[in-house]
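Novice: Okay, here's the structure, questions in a sec.
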Amino acid sequence: MSDVDVIVIGAGPAGAAAAARLATLGRRVLVLERSHFPRFSIGESLLPQCMSHLEEAGLLETVIAADYQPKNGAAFTRNGHETAIDFREKFTPGWGTTFQVERADFDQRLIDAACAKGVEVRFGVSVEAFVADATRPTVTLRDETGETQTLSAGFVLDASGYGRVLARLEQLERDARLAPRSALFTHVQIRTDDPRHDREKILIGVHPQQPDIWYWLIPFRDGRASVGVVGDDATLAAAGDTPAACWQAWVDAEPRFAELLADAEPLRAVGELHGYSADVSRLHGPGYALLGNAGEFLDPVFSSGVTIALRSASLAAPLVDRVLDGETVDWEAAFERPLREGIETFRAFVDAWYDGRLQTIIFHDDAPAEIRARISAILAGYAWDRSNPFASASRRHIDTLAALCHLRRKTGDDSETQGVGT
Ligand SMILES: Cc1cc2nc3c(=O)[nH]c(=O)nc-3n(C[C@H](O)[C@H](O)[C@H](O)COP(=O)(O)OP(=O)(O)OC[C@H]3O[C@@H](n4cnc5c(N)ncnc54)[C@H](O)[C@@H]3O)c2cc1C
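Heads up: the sequence shown is residues 345 to 766, going by my numbering.
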C-alpha cells in the first residue's frame, strides 16, 4: 500500500482494533507486525467491558462467531475458603459476560477481520527506528531478509505491546511503580468432572502461606485451560530446577489447584515472563500515540490488559481521524487523561491486592449486595465509570471497606459495612 494515512506497529488486540476502526472511517491503514500469526500470547481472560470496545471496532461479531468459552465472573480460593464475583450483578450498565480465549486464535481473528475492512498487514517486519513529526512521522522497518525500508504516514500508532517500540526509541520509559514480578504458565488438559469447578469463571488462587503468590486457572472450550502462577522472581524460581518443576511445585502447594490439576496433562512447555509491569512518561507526541501495553501495563491479577488495550484503541482511533482531517487535537485532554483515569483505578485495586486489603474484601462473604456490585463493576472492567465510587475515589473506598471487613471479622458485627461505598 503506498501513501498510507496511518501506520500501526503491532497486530495484537490494540493494533487490530485501532486499525479496524480507522479503516471503517475510510482511512488507509498499514499494520507492521514482527511475528507471524497465529502466535502464542498470554492474556487470555477478557473482561465484559471489552465487548463494547470490540463492538466499536466492528470486531464483536467475529469474536462471538468463534464460540469461545463464555465467562461471567471470577472465583477465588484461599486456604479452602471459596468465593465468587458474578459480573452480571455489577453496578455499571453494559455487558456482564465475555469470553476466555486462546490468544493465538483470538488475535488471528481480530486482524483477519481488520483486513476484511481494508487494512493491510505485513507480517515478519520489525520496526526499528522512528522520526516523530506532527504532520509526517516516519518508521524504518527491517524484514526477515535483513532489508530495511523507511515509510511515512499521516500518523503512527504504536501497539507493539512488550516490544515497547516508541517507549524505547522516544526515551519515554519510566518506573512502573509496582514491584517486579514474574509468571510461570502453561496450557493443560483438565480431567475433572468436579461440579464445583465453574468453567464460566476465571479461578484465582492465593498461596496458603504467602499471600503475594497467586494463581490463575482460565478454562477454555474442550477441557483445556491456561494455568499460571505469579510471584516475585526469586521466590518462584526457588521451588525447582526448571520452569516446569517450579510451576508444578507451586501448583501442588495450593490445595484447590492441586486437586483440580491432579490428572492434568500439560499441552505446551511452561513459559515464563519476568518484570512485565511498565509505564511511560507520556502516551503521545508529535504524530504518534501509544496504545495498550506499548504504553502502560500494570499486572495480570485482574485481567485488565486487553481491556485497557482495546479502550486505548477506541479512544485514539477517532482522534487520529480528526488529526488526518487537519484538526488540532488535544491528546492530553482527549486521550491520555481519560485513559489513565481507569488505569489508576486498576492500579489502586492491584496495590490493594498485594498489600492484602482487597483479599480481605473479596474473602469477606457478608458485604452488602450494592457494595459487591460496585466491586464487581471494576473487576468486570468498568473502571472508567466515575459514578462508581470505587472508580472515582478507589483508594479511599478500598481503605474504608477493608478496615470495616477487618473489624467485622474480629467482632462478628456486620452493621458498619452497610454504608460503605454509597
Ligand atoms: C502473566 C500475564 C498474564 C496476563 N493475563 C491477562 C489476562 O488474563 N487478561 C488480559 O486482558 N490481559 C492479560 N495480560 C496482559 C495482556 O497480555 C496484554 O495486556 C495484552 O496482550 C496487550 O495487548 P496489546 O495489543 O497492547 O499488545 P500485544 O498483544 O503484546 O501485541 C503487540 C504486538 O506487537 C508486535 N511487535 C512487538 N515489537 C514489534 C516491532 N518492533 N515491530 C513490529 N511489531 C512488533 C508483537 O509481535 C505483538 O504481536 C497478562 C499479562 C501477563 C504478563
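Virtual Cβ for every residue (Gly too), placed ideally from N, Cα, C. As the structure is a prediction and not an experimental result, all values here were calculated from the model.
Which residue's Cα is closest to the Cα of HIS551: VAL445, ALA717, THR421?
Specialist: THR421
Novice: If the criterion is Cβ atoms closer than 8 Å, does the pair ILE705 and ILE652 meet it?
Specialist: no
Novice: If distances are taken between C-alpha atoms only, which option among ARG466, VAL673, ALA661, ALA418 comes closest to LYS545?
Specialist: Out of ARG466, VAL673, ALA661, ALA418, ALA418 has the C-alpha closest to the C-alpha of LYS545.
Novice: Using a 10 Å radius around the Cβ and a threshold of 16 neighbouring Cβ atoms, would you call ALA578 buried or exposed?
Specialist: exposed
Novice: Tell me the rounded alpha-carbon separation between ASP537 and LEU605.
Specialist: 12 Å
Novice: Let me know the secondary structure DSSP gives PHE679 once reduced to three states.
Specialist: helix
Novice: So that I know if they touch, is there some Cβ in chain E lying closer than 8 Å to that of ALA520?
Specialist: No chain E is present in this structure, which holds just one protein chain.
Novice: At a threshold of 7 Å, does TYR412 count as lining ligand 1 (C-beta to nearest heavy atom)?
Specialist: no
Novice: For GLN703, does the three-state DSSP call read helix, strand or coil?
Specialist: helix
Novice: Ligand 1 and GLU544: does the residue's C-beta get closer than 7 Å to at least one heavy atom of that ligand?
Specialist: no
Novice: Can you determine whether any heavy atom of ligand 1 sits closer than 7 Å to the C-beta of PRO587, and answer yes or no?
Specialist: no
Novice: So, with DSSP's three-state summary, where would you put ALA362?
Specialist: helix
Novice: Could you compute how far the alpha carbon of PRO644 sits from the alpha carbon of LEU659?
Specialist: C-alpha separation (whole angstroms): 22 Å.
Novice: Exposed or buried, ASP729, counting other C-beta atoms within 10 Å across all chains shown (16 or more means buried)?
Specialist: Under this definition ASP729 is a buried residue.
Novice: If I'm right that PHE641 touches GLY649 with Cβ under 8 Å, what's the distance once you round it to whole angstroms?
Specialist: 6 Å
Novice: Starting from the C-beta of ARG540, find all residues in its chain whose C-beta is less than 8 Å away, skip the five residues before and the five after it, and write them out in chain order.
Specialist: Annotation for ARG540: GLU426 place their beta carbon closer than 8 Å to its own, counting only its chain and skipping 5 residues before and after.
Novice: Look at the Cβ atom of ALA367, then the Cβ atom of VAL463, and state whether they are nearer than 8 Å.
Specialist: yes
Novice: Just list the alpha helix (DSSP H) runs in the stretch 530–567, keeping only unbroken ones of 4 residues or longer that don't cross its boundaries, in chain order.
Specialist: none
Novice: Taking 7 Å as the cut-off, does the CB of ILE386 come closer than this to any heavy atom belonging to ligand 1?
Specialist: yes
Novice: Sorry if obvious, but does the Cβ on LEU376 come closer than 7 Å to a heavy atom of ligand 1?
Specialist: The nearest non-hydrogen atom of ligand 1 is less than 7 Å from the C-beta of LEU376.
Novice: Which residue wins for smallest C-alpha separation from ASP743, given the options SER731, GLY359, LEU403, PHE693?
Specialist: The shortest C-alpha separation from ASP743 is found at PHE693.
Novice: If we call anything under 8 Å between Cβ atoms a contact, is GLY468 one with SER526?
Specialist: no
Novice: Starting from GLU616, trace the alpha helix (DSSP H) in both directions and tell me its first and last residue.
Specialist: Counting along the chain, GLU616 falls outside any alpha helix (DSSP H), though it belongs to the beta strand (DSSP E) covering 615–618.
Novice: Quick one: what's ILE687 bridged to in DSSP?
Specialist: Per DSSP, none; premise fails for ILE687.
Novice: Starting from the C-beta of ARG739, find all residues in its chain whose C-beta is less than 6 Å away, skip the five residues before and the five after it, and write them out in chain order.
Specialist: Hits under 6 Å: ALA692.
Novice: Pairs of beta-carbons, one from the stretch 345–365 and one from the stretch 620–628, closer than 8 Å: are there three or more?
Specialist: Cβ pair count under 8 Å is below three, so no.
Novice: Inspect the beta-carbon positions of ASP502 and LEU635 and report whether they are closer than 8 Å.
Specialist: Judged by their CB atoms, ASP502 and LEU635 are nearer to each other than the 8 Å cut-off.
Novice: Within the continuous alpha helix (DSSP H) that includes PRO712, where are the two ends?
Specialist: Taken as a continuous stretch (DSSP letters only), PRO712 belongs to no alpha helix (DSSP H), as it is neither H nor E.
Novice: What is the DSSP secondary structure of TYR698, reduced to helix, strand or coil?
Specialist: helix
Novice: How long is the line joining the alpha carbons of ALA627 and ARG518, rounded to whole angstroms?
Specialist: It should be pointed out that residue 627 corresponds to Leu in this sequence rather than to Ala. Cα to Cα, LEU627 sits roughly 12 Å from ARG518.
Novice: Report buried or exposed for ILE408, applying the criterion of at least 16 other Cβ atoms within 10 angstroms of its Cβ.
Specialist: exposed
Novice: Does the structure place the stretch 375–394 close enough to the stretch 435–446 that three or more beta carbon pairs sit under 8 Å?
Specialist: yes
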